[in-house]
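Numbers 194 to 329, taken from this note's numbering, label the letters of the sequence shown in order. Every residue, glycine too, gets a C-beta built ideally from N, C-alpha and C.
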Amino acid sequence: MKFSRYILALAALTVLATLPVQARNLTRSASGPRGHAQSQINRTHGAATRTTTWTDNAGASGSHTATRTVDATTQTLTKESGTTLRDGRTTSRQATTTRTESGVDRTVTATGPNGTTVSREASVTRPSPAPTNPTP
């Protein structure tokens with residue numbers, strides 16, 4: 194009996210592994226004493242986007258969109274986001290992280306609601322592995 198369950202589970206996993214990767218979508222909403230918010234998440238192979246909108250009881254609204262993309266070929270992760278504040282001003286941010294042979298390189302650019310842009314770059318280098326001594 195246990196053996197047949199094992200074979201059945203293995204067959205099910207084999208069938209699932211051969212199916213194409215499909216998009217997964219999720220929508221959430223909530224209301225409370227301060228207003229209403231809704232968030233939608235869309236995921237595909239190598240990418241995800243989340244869009245959130247909100248409205249307060251006074252009727253002012255805003256939104257935030259965030260996107261994450263992974264490129265396995267170039268070993269690069271890209272994150273982008275943008276926000277519209279209740280007064281109409283916007284903010285944005287973009288970050289790119291790339292894995293290199295020697296470590297990781299990261300570039301971040303952010304723009305605030307007053308239009309000021311700040312950029313940062315960082316590189317992290319992995320230490321070289323310690324030499325190994327052959328066993329005599």
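Excluding five sequence positions before and after A303, the CB atoms of its chain that fall closer than 6 Å to its own CB belong to R286, V311, given in chain order. Within the stretch 281-326, complete beta strand (DSSP E) segments of at least 3 residues are found at 283-292, 296-304, 310-318, given in chain order. Taking a contact to require three or more Cβ pairs closer than 8 Å, the stretch 223-235 and the stretch 245-257 qualify as touching. Here N218 carries a strand assignment [DSSP, helix/strand/coil]. In this model, T276 and R221 are separated by some 18 Å (Cα to Cα). In its chain, beyond the 5 residues on either side, T291, S316 have a beta carbon closer than 7 Å to the beta carbon of D298. In the three-state DSSP reduction, N235 falls in the strand class (E or B). T318 and S254 have their C-alpha atoms roughly 44 Å apart. Sequence-distant Cβ neighbours of A241 in its own chain, meaning closer than 6 Å and more than five residues away, are R261. From the listed residues R279, Q231, N235, Q268, the smallest Cα separation to T246 is found for Q231.
Between the C-alpha atoms of D264 and S295 there is a straight-line separation of about 18 Å.
The Cβ atoms of T293 and E314 do not sit closer than 8 Å to each other.
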